[in-house]
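Q: In terms of full-length UniProt numbering, the sequence shown has 78 at position 78, counting the first letter as 1, and numbering is strictly consecutive.
Ideal Cβ positions, reconstructed from N, Cα and C, are used throughout, including at glycine.
Questions regarding the structure given below will be posed in turn.
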Amino acid sequence: MTRWQKLEVFLELLIFGIVIGIIEDLIAIKFATGEPITWGVVGIVVLVAIPFAILGEVVLDRIDFASILQRMFEKKKPEDDTMQ
1 MTRWQKLEVF LELLIFGIVI GIIEDLIAIK FATGEPITWG VVGIVVLVAI PFAILGEVVL
61 DRIDFASILQ RMFEKKKPED DTMQ
């Protein structure tokens with residue numbers, strides 16, 4: 001995969017994360033507060049959603065949680081049952 005393709009995938013996922021974050025936050029605000037959705041609310045939601053989308057894309061998507069959990073559970077294997 002070339003650098004351009006990696007950048008393209010990164011930006012696609014980032015934009016998708018921002019859009020989904022905005023929609024999710026607007027739904028939460030509407031149901032939790034019952035307040036009308038105004039352009040001011042949308043602006044605040046966008047300002048909040050962008051850093052979390054960047055954090056999610058740059059940090060969390062790069063961590064292989066499956067291998068971390070696998071290593072954690074492999075270390076905690078129960079001892080052989082000798083109390084039979």
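Below 8 Å, how does it come out for the region 2-11 and the region 45-53: are there three or more Cβ pairs, yes or no?
A: Verdict: no, contact absent.
Q: Quick check on Pro-51: does DSSP put it in helix, strand or coil?
A: Reduced to three states, the DSSP call for Pro-51 is helix.
Q: Using DSSP with H/G/I as helix, E/B as strand and the rest coil, what is Ile-44?
A: In the structure shown, Ile-44 sits in a helix (DSSP, three-state: H, G or I).
Q: Measuring straight from C-alpha to C-alpha, what distance separates Met-1 and Pro-36?
A: Looking at the two C-alpha atoms, the distance is approximately 45 Å.
Q: Assuming Gly-21 is part of the alpha helix (DSSP H), what are its boundary residues?
A: 3-33 is the extent of the alpha helix (DSSP H) around Gly-21.
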